[in-house]
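>
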Amino acid sequence: MNKKWHQILSFLVMCAVFLAAVLPAFASDTSPASIFTIDEAYQYPVLPGTKEWQNLDTLEDKIEACHVDEELLASMTTSALLETVLTYPLFINIYAFGSVEAGMENMSLYFPGITLLAAREDANDCLLEYVQTTKQAREEIPTISNMNIRALSYYLGEHSGNESSDSYEDYPATKSTPAYVYTPKNHAVRVEANQTWDELGYTYAEALEVEQAYLGMYSIAKITVPNPTYNCHSYAWYSNEPSTNKYWMRDPSLYMTDGSYTQMSSPAVTYKVHWTIGDHSGIVGSATGVGGNPTIVSKWGALGVYWHPLLDCPYYGGVTYWTR
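All residue numbers for the sequence shown refer to the numbering used here, where the first residue is 7 and numbers rise by one.
1. Taking the alpha carbon of GLY310 as the reference point, which residue from VAL325, THR189 and GLU212 has its own alpha carbon closest?
2. Which value, in whole angstroms, describes the spacing of the CA atoms of CYS132 and PRO51?
3. Using alpha carbons as the reference points, say which of PRO232, TYR312 and THR326 lies closest to TYR261.
4. Could you tell me the alpha carbon to alpha carbon distance between SER151 and HIS193, rounded to whole angstroms?
5. DSSP three-state label for ALA31, please.
6. Check whether the region 236-248 and the region 113-128 are in contact - that is, three or more C-beta pairs closer than 8 Å.
7. Fully enclosed by the region 71-134, which alpha helix (DSSP H) runs are 4 residues long or longer?
8. Taking the continuous beta strand (DSSP E) assigned at SER304, which residues delimit it?
9. Which whole-angstrom value is the C-beta distance of THR189 and ALA129, which I expect to be below 8 Å?
10. Rounded to whole angstroms, what is the Cα-Cα separation between GLU198 and ILE44?
11. Can you tell me which of the three DSSP states ARG156 falls into?
12. Got a sec? Which residues, its chain only, sit under 8 Å from GLN269 by beta carbon, not counting five neighbours each side?
13. ALA293 by DSSP, collapsed to three states: which one?
Right under this line is the structure:
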């Protein structure tokens, strides 16, 4: 009996010695320094403006062409991840939404890089270093690149969880006036009146730069110039006349729930179309369009109103159709 206990004790001692030798090495292999082993940004194989890009007919096609494995992104150093995010060809999609926050959240549905970057404690420091290095390397940062840096800085500052965290540049506070419009059933929908470019964090000239980039990225036709006073929901559900529409609508759901509109199973001209995930609304301009893909008329954030294929636009997710 004593011999048996002696053997057990010897075995436990051997296990303890083994664990003492192995655990420190294991811990070092899983430390942050060893996890982030890739120090070069991803080089996207297909870019806007190329023949390959022109062959991509839908947003899904474009997302697939720009795909980066999440494991690869997670293995990057923060500097490499930051550059991979800023050079993401679809990063510019964020300006088709009502705010930087909404645009970033939508982009994160199909590109995990932004979420992974926001979780890095040194993301803001790396962004500031990136800006300084970029300025030293060239006289001027291109307009859209500077907008992307500014937007990312704001987003990282909002999601860092550290109120004292320095960011590259803050966005102005909202100064628009609360107001109400009414559904056909006479229910009040809260809107914001007289929103300006200052509140959006970029200028009319910058909006034109983004629009020009969109014209090279998507199969769209321009109807109106950029305008910050009304958005897609207001255009689709309240009024598609810019001269009388001065409202920014955040939530159009009451139009679809108070009995004003009936949901339909397929599109028809003048039907309202609502993206169930992508926070966007439009009006069906053609039920068949090209190749059976409906053509939509919609306003993209503070930018203009465009004709575009249902599936070739910055908005991600399924849709529903509505009519009175």
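We put the CB at the ideal spot given by N, CA and C, even for glycine. As the structure is a computational prediction, the values presented were derived from the model and not from experiment.
Once the coordinates are examined:
1. On the sequence shown, residue 310 is found 304 positions in, with the first residue counted as 1. The shortest Cα separation from GLY310 among VAL325, THR189 and GLU212 belongs to GLU212.
2. What you label residue 132 is simply residue 126 of the sequence shown in a count that begins at 1. What you label residue 51 is simply residue 45 of the sequence shown in a count that begins at 1. Their Cα atoms are separated by approximately 25 Å.
3. Translated into the one-based positions of the sequence shown, residue 261 becomes position 255. Per the Cα distances, THR326.
4. The residue given as residue 151 occupies position 145 in the sequence shown. The residue given as residue 193 occupies position 187 in the sequence shown. Going from the Cα of SER151 to the Cα of HIS193 covers about 42 Å.
5. Taking the sequence shown and counting its residues from 1, the one referred to as residue 31 is at position 25. With a pLDDT of 47 at ALA31, under the threshold of 50, the predicted position of this residue should be treated as unreliable, and no value is reported.
6. no
7. 76-80, 84-92, 106-113 and 119-124
8. The count along the sequence shown starts at 1 and reaches residue 304 at position 298. From DSSP, the beta strand (DSSP E) with SER304 extends over 299-305.
9. The count along the sequence shown starts at 1 and reaches residue 189 at position 183. The count along the sequence shown starts at 1 and reaches residue 129 at position 123. Their Cβ separation, rounded to whole angstroms, is 42 Å, which puts THR189 and ALA129 out of contact at 8 Å.
10. Within the sequence shown, the letter at position 192 stands for residue 198. Within the sequence shown, the letter at position 38 stands for residue 44. Their Cα atoms are separated by approximately 45 Å.
11. Here residue 156 refers to the residue found at position 150 when the sequence shown is read from its first residue. Here ARG156 sits in helix by DSSP.
12. If you number the sequence shown from 1, residue 269 lands on position 263. These residues qualify, in order along the chain: MET262, THR326, TYR327 and TRP328.
13. Mapped onto the sequence shown, residue 293 falls at position 287. The answer is strand: DSSP assigns ALA293 an E or B state.
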